[in-house]
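Chains as they are written, first to last, in my numbering: chain A, 37 to 390; chain B, 37 to 390; chain C, 37 to 390; chain D, 37 to 390. Structure first, then comments.
There are 4 protein chains.
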Amino acid sequence: MSGNTFGKSFTLTTYGESHGPALGGVIDGCPAGVPIAIETIQEELNRRKPGQSAIVTQRKEPDTVEIYSGVFDGKSTGTPIGFVIHNTNQKSKDYTHIKDSYRPSHADYVYDQKYGFRDYRGGGRSSARETAARVVAGSIAKQLISPIEIQAFVSAVGELTLPNPEGISDYSFIEQNPVRCPDKAMAAEMETYIKQVRKDGDTVGGVITCVAKNVPVGLGEPVFDKLHAVLGQAMLSINAVKGFEYGSGFAGAVLRGSAHNDLYNEDGTTKTNNSGGVQGGISNGMDIYFNVAFKPVATIMQSQETIDNKGETVTMEGKGRHDPCVVPRAVPIVEAMTALVLADFTLRNKNAKL
Amino acid sequence: MSGNTFGKSFTLTTYGESHGPALGGVIDGCPAGVPIAIETIQEELNRRKPGQSAIVTQRKEPDTVEIYSGVFDGKSTGTPIGFVIHNTNQKSKDYTHIKDSYRPSHADYVYDQKYGFRDYRGGGRSSARETAARVVAGSIAKQLISPIEIQAFVSAVGELTLPNPEGISDYSFIEQNPVRCPDKAMAAEMETYIKQVRKDGDTVGGVITCVAKNVPVGLGEPVFDKLHAVLGQAMLSINAVKGFEYGSGFAGAVLRGSAHNDLYNEDGTTKTNNSGGVQGGISNGMDIYFNVAFKPVATIMQSQETIDNKGETVTMEGKGRHDPCVVPRAVPIVEAMTALVLADFTLRNKNAKL
Amino acid sequence: MSGNTFGKSFTLTTYGESHGPALGGVIDGCPAGVPIAIETIQEELNRRKPGQSAIVTQRKEPDTVEIYSGVFDGKSTGTPIGFVIHNTNQKSKDYTHIKDSYRPSHADYVYDQKYGFRDYRGGGRSSARETAARVVAGSIAKQLISPIEIQAFVSAVGELTLPNPEGISDYSFIEQNPVRCPDKAMAAEMETYIKQVRKDGDTVGGVITCVAKNVPVGLGEPVFDKLHAVLGQAMLSINAVKGFEYGSGFAGAVLRGSAHNDLYNEDGTTKTNNSGGVQGGISNGMDIYFNVAFKPVATIMQSQETIDNKGETVTMEGKGRHDPCVVPRAVPIVEAMTALVLADFTLRNKNAKL
Amino acid sequence: MSGNTFGKSFTLTTYGESHGPALGGVIDGCPAGVPIAIETIQEELNRRKPGQSAIVTQRKEPDTVEIYSGVFDGKSTGTPIGFVIHNTNQKSKDYTHIKDSYRPSHADYVYDQKYGFRDYRGGGRSSARETAARVVAGSIAKQLISPIEIQAFVSAVGELTLPNPEGISDYSFIEQNPVRCPDKAMAAEMETYIKQVRKDGDTVGGVITCVAKNVPVGLGEPVFDKLHAVLGQAMLSINAVKGFEYGSGFAGAVLRGSAHNDLYNEDGTTKTNNSGGVQGGISNGMDIYFNVAFKPVATIMQSQETIDNKGETVTMEGKGRHDPCVVPRAVPIVEAMTALVLADFTLRNKNAKL
């Protein structure tokens with residue numbers, strides 16, 4: 037059983053390699069009657085696309101989405117929504133250097149071992165290009181579950197860390213800076229740092245924080261499909277993610293119960309939100325928030341020793357146009373996966389009581 | 037769609053409330069011919085059971101497992117393995133104080149909101165007692181996937197943190213101390229600390245580290261069912277877990293690519309293991325390791341203000357016999373969920389190539 | 037992936053061999069708040085149990101169901117419903133004659149080939165005893181989907197065939213005769229015939245017709261999970277079933293479109309019902325009806341030549357207490373599977389439109 | 037949960053309406069290393085396409101398949117295979133007559149009821165055009181599971197019925213006549229009859245028989261996913277199918293056990309094959325054979341009374357280019373669904389024993 041489908045009621049199946057003719061997906065389970073604005077989907081895709089600023093990869097890919105089915109007269113019909121993004125930039129590259137060799141901390145080696153061979157052009161299926169399909173589906177999910185609001189942003193780049201990110205209330209600056217950090221001063225610092233890293237021929241990791249507001253009480257399906265557990269899987273399935281924590285997270289492990297417990301107000305809200313909006317795997321109506329850690333991009337513009345598929349040591353030169361730091365462009369991907377999770381649990385929750 | 041089934045090829049479906057007649061589960065997909073030792077299962081269950089030491093809950097529950105099907109002449113038959121643990125300690129309790137009121141940072145409130153009512157006795161389905169079924173199934177999974185070795189241990193209790201837990205090579209002390217910490221000095225400190233916390237009528241969180249050795253290359257199913265993504269879901273589905281990180285984890289987000297990349301040896305192993313044994317969602321043959329953060333147990337032996345189901349403020353007294361720190365008893369649960377994930381991916385991987 | 041789970045939103049997972057300690061199942065996805073009467077479940081089980089009349093097997097099995105979880109204060113809680121039926125009659129049998137030999141038209145041979153060995157006692161997992169768990173779950177499904185009414189009955193035994201079974205409107209006699217045929221004269225003929233077949237040491241096949249009334253418009257999920265397609269799978273999964281047809285069925289293949297089309301009344305009902313209540317895989321509000329063909333029971337009280345597990349010819353004598361005709365006891369099983377299908381589609385349909 | 041995915045290990049998800057931009061699908065779970073010949077796929081599609089002979093619809097659709105992913109250097113890569121067939125004939129039609137009215141025995145009415153509205157152009161998702169995607173996937177499945185041979189053919193058109201179709205051994209004439217009947221004389225009769233039916237402005241039903249040879253012992257997953265049960269679902273999910281029977285089928289219900297039982301030869305084959313190649317839901321190595329009943333096409337070239345979406349009676353004239361008899365073009369669809377089922381069970385069976 038392969039793993040290219042996400043969700044149980046609102047499901048996304050994706051396909052496509054970075055350098056094949058096209059990538060895309062099929063959404064099954066979107067209820068009928070949801071207004072679907074294709075411009076809104078394209079805007080989300082544009083937030084993810086290469087070449088959008090000086091601190092991301094300078095590849096040119098328009099990433100234009102086409103809807104093949106499931107939408108009629110501007111609304112979902114209840115039938116599967118097939119969509120496609122044609123690859124337009126995949127022709128002229130030279131992949132000789134990675135065809136027979138394994139880039140360090142890339143998936144080349146394990147794909148060859150698992151499948152016997154691989155589409156070596158640009159990473160093939162293991163390329164983060166696959167996440168474009170997730171952004172398309174996530175945008176449709178967002179349109180389904182409005183008025184839930186999902187906002188992600190960069191809260192750390194390397195050691196530059198925004199304090200108390202879950203407490204930020206003004207998101208207006210996020211889309212106005214290339215880092216997608218909500219704080220002006222920190223955004224400038226991060227941008228400068230990323231440029232330095234790029235100049236060094238290196239890359240750096242970072243952290244994205246995501247907040248979901250207006251989530252109704254009741255989403256999440258114990259015991260295995262707890263809301264935060266599926267959110268965790270969703271985030272960890274994004275390329276380069278190394279960790280996930282929600283609410284108090286790893287810091288909560290240090291606390292005592294008397295300090296950690298969230299006491300109730302009379303309306304069922306809580307005075308604090310160490311729970312991160314989830315109790316026992318079910319949303320409790322408070323803001324859901326979580327952090328996602330990304331490793332530094334593995335492709336660096338430096339020469340590295342590695343091995344080829346005969347097990348011999350070779351030297352590999354860094355080539356191509358790659359992101360020095362993945363988190364700015366990963367912000368819409370984190371939002372998209374969050375939307376997919378919340379859409380799925382919204383539909384699954386309809387069966388909770390008679 | 038409810039969420040009480042885990043896995044796709046080796047699946048576990050669990051049922052049962054903490055104070056009903058019994059809890060148990062059904063494993064479907066265990067291949068035929070696996071020797072199943074019921075004593076081994078019982079030994080794993082004993083590692084999880086209450087009353088095993090002075091620093092855990094003093095409830096008495098024998099937690100005796102019975103196999104109803106799927107095992108014949110000491111081997112799995114390929115048919116579903118039904119098993120049960122009868123509840124023997126559920127009769128005489130008084131639950132008046134939680135029937136109509138909502139314990140802070142417990143699931144009482146959200147269950148009432150989602151389902152309309154709940155089995156309020158001892159937490160019902162949201163009780164960690166449910167994890168006993170996971171330990172049974174995990175033990176069977178371990179027997180299926182030997183010679184993979186899975187070892188979890190406590191690496192932090194509150195602020196007491198074992199440095200470099202993934203580097204520990206001697207596991208012999210883990211089962212010889214009630215904390216399940218592999219380091220003698222640290223184990224003693226942690227034990228003393230937990231006793232103090234209990235004396236204070238309080239609880240404290242902690243971290244469990246888990247290492248899986250001898251994992252073959254090739255386990256994990258991109259793109260959504262990456263090995264670490266499903267491990268993350270598995271861990272986050274355990275009661276009280278707040279965070280998951282694998283390999284370099286959150287610390288990896290701070291590093292540069294040149295420092296983070298794992299360079300290859302000629303045999304395909306890597307010189308470092310920031311990847312935590314997983315590349316692109318697929319095991320690469322190195323040790324898999326990860327950390328799991330647990331919040332402090334929500335039930336404290338102190339009075340707290342809370343609300344009842346009419347939304348009125350009430351004072352709730354701490355009652356009953358609860359763990360002051362959940363991590364010692366959670367060690368076998370973390371191992372069990374790891375085994376379930378690896379067993380499932382082992383079977384799923386059989387179809388990777390012709 | 038094994039196949040012991042049925043349904044997608046209302047799911048039943050069964051376990052158990054005919055001669056192990058117990059058989060049972062887990063229902064996941066039953067919404068909270070459904071009144072569950074255990075006596076009603078037991079009554080359905082009694083319709084299936086052995087020894088109920090002179091024309092069925094004379095084995096004695098009380099088939100008493102116990103509910104382990106998911107029901108509290110007489111209502112479903114939304115958590116999984118675990119249930120069990122202990123086997124009480126499995127001790128003293130002698131299975132020497134089938135341990136090493138393969139009964140003709142039984143599953144002995146294919147189980148040995150597929151799994152390497154088998155629980156040979158009384159058919160193990162391939163025994164129709166497994167359907168007891170389906171009847172339990174089906175009864176709970178019926179309680180969920182009332183006011184849908186499901187009625188099955190015997191419409192043929194061997195060559196004795198009830199004409200126009202879907203037109204029968206009086207079901208009152210069905211439970212008043214051991215054959216479960218709604219027509220008094222035909223029931224008597226069938227009963228006499230079955231007794232003669234038994235006296236001959238032989239068995240005979242038959243047909244069950246099932247009608248579901250008060251089904252709302254909209255159940256069924258194109259394109260693969262059409263209502264009649266999943267009903268077909270459900271029926272064909274019952275032991276001994278060889279064919280399924282709905283509405284006009286095989287007879288419809290002979291007709292012309294001008295004769296077969298169901299013309300509409302102004303209220304959306306149709307003047308005829310060749311569609312059998314299903315159009316394009318979705319219920320149209322008319323009665324659903326279908327026929328299920330059962331082969332003759334393979335165990336006959338005659339000696340047959342067969343082979344043993346070394347491939348040598350042996351003579352096998354008919355032994356034990358078996359049904360001369362399976363259809364009377366299969367009536368509640370057909371109803372149960374119908375209820376499972378309709379319950380599942382009822383829950384799945386809640387997401388059809390916003 | 038929608039129902040546009042078929043299979044569990046080798047899965048096909050389809051999308052597309054008859055008159056949208058394109059239809060297609062995604063296959064997930066095809067192992068790596070399978071040689072995939074796109075010409076072979078196109079040849080199968082050509083067997084299904086409109087306009088291929090004088091007795092089928094005269095619409096012109098080239099039905100050209102494009103592969104978007106999952107195939108590299110002529111072999112499957114183990115990643116999802118995305119494919120598409122662009123609709124090229126969908127522009128100029130006039131659908132006013134069906135936009136607001138419900139064609140008798142079509143899915144128009146139930147789609148409107150279930151989803152609130154529908155893509156009314158040419159049947160939308162309920163059009164048999166959707167099966168083109170199944171034929172593509174089925175062809176890939178056939179390439180995976182060779183040397184299994186699957187052959188379907190027309191065994192009845194209206195009352196013209198081929199006797200003993202499962203006994204036919206010469207398949208050479210099937211693709212040499214437009215009816216796809218293996219018998220020359222009967223094929224000519226059927227062709228003449230279909231032409232007469234068309235001249236009458238009418239349609240007629242029929243039966244397809246399918247035989248699978250060289251199927252290994254062991255395919256099928258009891259208890260719910262018995263081989264014949266999933267085959268039944270697969271066939272019943274094809275547009276216009278009303279019934280399914282395998283082996284002795286409905287005729288077997290008339291027999292006595294002493295006549296019906298298949299006695300073994302010493303090599304494990306059986307002297308007769310009333311079982312149709314399946315015992316207890318598992319293939320036994322004998323030929324699998326089954327019959328599929330198709331109703332007459334609902335669109336007739338005659339005026340019919342029907343209702344519009346306000347519930348008022350209207351007269352509808354037959355329009356367009358439709359098949360007078362669906363079975364000739366359904367032959368490759370039956371084969372495709374058979375291949376999907378056998379491919380899925382082949383992969384699922386790898387887990388049967390250690």
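Note that beta-carbon positions come from the ideal geometry of N, C-alpha and C, so glycine has one too.
- Residues are counted here when their Cβ sits less than 7 Å from a Cβ of chain B; for the stretch 348-382 of chain C the count is zero.
- Against chain D, the CB of A:Tyr207 has no partner CB under 8 Å away; the residue lies outside that interface.
- For D:Pro140, a Cβ of chain C is located within less than 8 Å of the residue's own Cβ.
- Here the alpha carbon of C:Ile103 sits roughly 15 Å from the alpha carbon of C:Thr49.
- Identification of chain C residues near D:Lys389 by a Cβ-Cβ cut-off of 8 Å yields Lys150, Tyr151, Gly152, ordered along the chain.
- A:Glu341: member of the beta strand (DSSP E) spanning 340-344, first to last residue.
- When C-alpha distances from D:Leu272 are compared across C:Val107, C:Phe326, C:Ala375, C:Val333, the shortest belongs to C:Phe326.
- Under a 10 Å Cβ-count criterion, B:Gly159 is classified as buried, with 16 or more other Cβ atoms of the shown protein chains found around its own Cβ.
- Between B:Lys389 and D:Ala188, the C-beta spacing is not below 8 Å.
- Each residue's CA atom was taken as its position, placing A:Val251 and A:Lys178 some 12 Å apart.
- Scanning its chain for C-beta atoms nearer than 6 Å, with the 5 sequence neighbours on each side dropped, one finds around A:Phe46 the residues Gly65, Ala379, Asp380, Leu383, in chain order.
- Taking 8 Å as the threshold, the shortest C-beta distance from D:Pro252 to chain B does not fall below it.
- With its beta carbon less than 8 Å from one in chain C, A:Gly69 belongs to the interface.
- The beta carbon of A:Leu376 sits closer than 8 Å to the beta carbons of Phe42, Gly43, Phe46, Leu48, Arg170, Ala173, Gly174, Ala177, Ala270 from its chain, once the five residues preceding and following it are set aside; these are given in chain order.
- Take the alpha-carbon of D:Arg157 and the one of D:Met352: they are about 16 Å apart.
- The C-beta distance from B:Asp238 to A:Ser284 rounds to 16 Å, too long to fall under 8 Å, and the pair is not in contact.
- The Cβ neighbour count for C:Ala224, taken over all protein chains shown within 10 Å, is under 16; the residue is labelled exposed.
- Close to C:Tyr104, with beta-carbon spacing below 8 Å, are these residues of chain B in chain order: Tyr51, Gly52, Gly56, Pro57, Ala58, Leu59, Gly60, Val120.
- In chain order, Met222, Glu225, Met226, Tyr229 place their CB closer than 7 Å to the CB of A:Leu196, counting only its own chain and leaving out the 5 sequence neighbours on each side.
- According to the DSSP secondary-structure assignment, A:Arg292 is paired through a beta bridge with B:Val240.
- Residue burial annotation: A:Gly60 is buried, with at least 16 other C-beta atoms found within 10 angstroms of its C-beta.
- Looking only at B:Pro368, B:Val328, B:Pro332, the smallest Cα-Cα distance to B:Glu202 is reached by B:Val328.
- Scanning its chain for C-beta atoms nearer than 7 Å, with the 5 sequence neighbours on each side dropped, one finds around B:Gly110 the residues Pro71, Ile72, in chain order.
- With 16 or more neighbouring CB atoms inside 10 Å of its own CB, C:Glu257 falls in the buried class.
- The DSSP-derived three-state label of C:Asn82 is helix.
- Annotation for C:Met226: the continuous alpha helix (DSSP H) segment containing it runs 220-235.
- By the Cβ rule, the stretch 134-144 of chain B does not count as touching the stretch 85-97 of chain C, because fewer than three pairs are nearer than 8 Å.
- Per DSSP, the continuous alpha helix (DSSP H) segment holding C:Asn385 begins and ends at 363-385.
- Using a CB distance cut-off of 8 Å, D:Asn200 does not count as an interface residue toward chain C.
- As for any beta strand (DSSP E) of minimum length 3 sitting wholly inside the stretch 59-129 of chain A, the runs are 101-103, 117-122, ordered along the chain.
- Take the alpha-carbon of B:Asn297 and the one of D:Gly52: they are about 44 Å apart.
- Contact check for A:Pro368 against A:Val215 fails: the beta carbons are separated by 8 Å or more.
- DSSP places B:Ala329 in the strand class (E or B) of the three-state scheme.
- At a cut-off of 8 Å, the C-beta of C:Lys278 has a neighbouring C-beta in chain D.
- Any Cβ of chain A closer than 8 Å to the Cβ of B:Gln94 would place that residue at the interface, and such an atom is absent.
- For A:Met37, a Cβ of chain D is located within less than 8 Å of the residue's own Cβ.
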